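Beneath this line is the structure, given in structure tokens, with notes to follow.
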Amino acid sequence: MPEFYDQSTCDYQPAAQPYLDAIARGIRDRAAARTFLLKKTEYAQAYAGAEPVWIEQWKKRDSKKSMKCPFWSNYWYEPCQNCDCRIDDSVSMEIDAIFFLRNAELKTLAVHIEMKRDGEGLSIGQAEAYRPRAACYRDKRRVRKTLLAHDHFITVLFCGIGTDIPLAEQHFDSVILHENARKVFPKYPAG
Numbered sequence: 001m002p003e004f005y006d007q008s009t010c011d012y013q014p015a016a017q018p019y020l021d022a023i024a025r026g027i028r029d030r031a032a033a034r035t036f037l038l039k040k041t042e043y044a045q046a047y048a049g050a051e052p053v054w055i056e057q058w059k060k061r062d063s064k065k066s067m068k069c070p071f072w073s074n075y076w077y078e079p080c081q082n083c084d085c086r087i088d089d090s091v092s093m094e095i096d097a098i099f100f101l102r103n104a105e106l107k108t109l110a111v112h113i114e115m116k117r118d119g120e121g122l123s124i125g126q127a128e129a130y131r132p133r134a135a136c137y138r139d140k141r142r143v144r145k146t147l148l149a150h151d152h153f154i155t156v157l158f159c160g161i162g163t164d165i166p167l168a169e170q171h172f173d174s175v176i177l178h179e180n181a182r183k184v185f186p187k188y189p190a191g
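Letter by letter, the sequence shown follows residues 1 to 191 of the working numbering.
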């Protein structure tokens with residue numbers, strides 16, 4: 001089973017990586033963490049008891065261990081030319097992390113994660129582009145060879161002080177404050 005990675009070699013968002021690592025371990029190892037992520041989303045019931053598709057995702061994204069960062073992080077693809085997956089004037093096109101859960105009916109849910117540390121706000125168009133981009137990924141509007149096929153998705157923002165919560169709540173399926181994440185994800189950073 002692939003472990004996480006050598007943290008000293010990952011240069012993708014080094015300040016956010018400890019938060020993402022805690023979330024990844026929680027998703028991989030703790031049913032309670034998965035339930036917490038799904039709580040209050042439209043898929044909470046359909047994916048109750050769903051398991052992470054860890055090995056399958058790893059094999060699809062980085063089976064040769066060629067990436068410096070974890071296989072679940074930094075999903076970035078060129079934007080589609082004729083699609084609504086990018087909002088005008090927005091700059092961010094990557095997704096900090098994606099995790100996949102499979103339920104008893106063999107349906108797969110992609111959990112798209114955006115991480116904002118305390119004092120870090122959303123960039124122009126970032127919140128507005130998140131769900132359209134997730135829909136584009138699910139609908140396979142273009143070839144993305146390293147992305148697992150999936151039936152459904154949710155978008156989750158982890159954030160704290162300095163994030164426009166009312167804006168985020170309009171565009172993400174779930175907004176989780178750091179103080180609440182610390183109660184569920186072991187080793188989630190204190191600040």
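Here a beta-carbon is modelled for each residue, glycine too, at the ideal position from N, C-alpha and C.
For clarity, every value in this text was computed on a predicted model and none was experimentally measured.
Which of helix, strand or coil DSSP assigns to residue i
i	result
Phe158	strand
Leu148	coil
Ile176	strand
Phe36	helix
Glu56	helix
Glu105	coil
Glu51	strand
Span of the beta strand (DSSP E) around residue i
i	result
Ala110	Thr108 to Met115
Trp76	Ser73 to Trp76
Asp96	Glu94 to Arg102
Top-ranked residue by Cα proximity to residue i, from the options
i	options	result
Cys80	Met67, His178, Arg133 and Thr155	Arg133
Leu37	Phe99, Pro166 and Ala135	Phe99
Met93	Ile113, Arg102 and Ala129	Ala129
Ala97	Gln170, Ala168, Cys69 and Ile165	Cys69
Glu51	Arg30, Ala190, Tyr43 and Lys64	Arg30
Lys183	Cys85, Gln13 and Ala22	Ala22
Asp139	Ser123, Cys85 and Gly162	Cys85
Arg131	His171, Arg102, Glu78 and Ile165	His171
Ser174	Val143, Ser66, Ala104 and Leu157	Leu157
Ile95	Lys39, Lys107, Phe185 and Glu78	Glu78
Asn82	Pro166, Ala168 and Arg141	Arg141
Arg102	Ala127, Gly162 and Ala48	Ala48
Host alpha helix (DSSP H) of residue i (start-end)
i	result
Ile23	Gln17 to Asp29
Tyr137	Gln126 to Asp139
Glu194	Absent from the structure is residue 194, since the part of the chain shown begins at 1 and ends at 191.
**Request:** Would you check if there are 3 or more beta carbon pairs closer than 8 Å linking the region 45 to 62 to the region 117 to 128?
**Result:** no
**Request:** State whether the region 97 to 115 contacts the region 146 to 154, with contact taken as three or more CB pairs (one from each stretch) at a distance under 8 Å.
**Result:** yes
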